[in-house]
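Q: Per this note's numbering, residue 10 is the first one in the sequence shown, and the count goes up by one each step.
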Amino acid sequence: MYKIAVFVSGRGSNLKAILNSIAKSKTKIEVVCVISDKIECSAFEIANKYKIPTYSVSQSENEFYVSYNEIISILKEFGTDLIVLAGFLKKIPDTLIDSFEKKIINIHPALLPSFGGKGMYGLNVHKAVFEKSAQVSGATIHFVDKIYDNGKIIAQESININGVNSPEEIAKKVLKIEHKLLPKIIFKFSENKVVEKNNRIYVF
Ligand code: GRF
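#1: Using DSSP with H/G/I as helix, E/B as strand and the rest coil, what is Glu140?
#2: Have a look at Ser82, Glu200, Val145, Ile48 and flag the residue whose alpha-carbon is nearest the alpha-carbon of Ser234.
#3: Mind checking which residues open and close the alpha helix (DSSP H) that includes Val145?
#4: Do Asn159 and ligand 1 come close, with the Cβ less than 8 Å from some heavy atom?
#5: Closer than 6 Å by C-beta to Asp154: which residues in its own chain qualify, once you throw out the five before and the five after it? Chain order, please.
#6: Just the C-alpha distance for Val138 and Cys50, rounded to the nearest angstrom, thanks.
#7: What's the C-alpha gap between Val203 and Ala148?
#8: Would you decide whether Ile156 is buried or exposed? Buried here means 16 or more other CB atoms lie within 10 Å of its CB.
#9: Assign Leu91 to buried or exposed, taking buried as 16 or more other Cβ atoms, counted over all protein chains shown, within 10 Å of its Cβ.
#10: Go through the segment 53-136 residue by residue and report every complete run of the beta strand (DSSP E) that reaches 3 residues or more, in order.
#11: Just to confirm, is the Cβ distance from Ile13 to Ile195 under 9 Å?
#12: For Leu252, which residues of its own chain have a beta-carbon under 6 Å away from its beta-carbon, when the five flanking residues on both sides are left out?
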């Protein structure tokens with residue numbers, strides 16, 4: 010069984026897309042836990058429906074949150090093969106990145122390396138794309154390193170946005186791509202088909 014942990018911050022539509030794709034396929038992938046920087050969020054409700062354990066994580070441990078050190082132990086106990094950031098808005102601490110080197114991926118709702126970096130999340134990204142009058146946008150899946158949206162790109166899919174009238178319209182179009190691209194790449198990881206060669210990432 011290939012084991013993934015999914016980090017979320019809110020709605021959880023990407024989490025849902027992952028779970029639906031797993032359910033429909035014969036792939037041996039298990040979502041072992043869902044982790045959020047929130048105490049409550051709709052993504053947790055989705056996890057609960059699937060009886061997937063949830064954890065709220067924070068830099069400072071208190072009665073509601075577990076610490077990142079504890080999360081690292083939990084992820085290791087589950088035997089996590091891949092950590093998927095699916096709409097997780099907080100920066101991942103270096104300790105977690107060091108513990109899961111090249112095993113953390115993120116989905117970004119634009120074509121990196123443009124429209125990324127600190128503050129570039131959610132609708133902010135689509136507003137920036139709209140205001141720049143970019144004619145294409147899309148989704149990027151990349152490895153997570155210690156700098157925001159900086160790790161090597163694994164996969165991208167673009168979409169023509171020259172007729173759109175609002176950032177919200179871009180968000181809708183990009184989200185459709187995300188829901189297909191993220192499960193697809195997770196499946197590729199589970200089949201060992203994501204390979205680094207010549208300083209580039211190849212997905213076979
Ligand atoms: C997605 O657009 C994701 O790319 C971005 O935040 C959004 C999360 O949506 N980082 P959801 O929680 O998966 O519905």
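Note that CB positions come from ideal geometry on N, CA and C, so glycine has one too.
A: To lay it out plainly:
#1: helix
#2: One cannot answer for residue 234 here, as it falls past the ends of the chain, which runs 10 to 213.
#3: Element bounds for Val145: not the alpha helix (DSSP H) but the beta strand (DSSP E), 145-152.
#4: no
#5: Gly160
#6: 27 Å
#7: 18 Å
#8: exposed
#9: buried
#10: 63-67, 91-94, 113-117
#11: yes
#12: Nothing can be reported for residue 252, as the shown portion of the chain is limited to 10 through 213.
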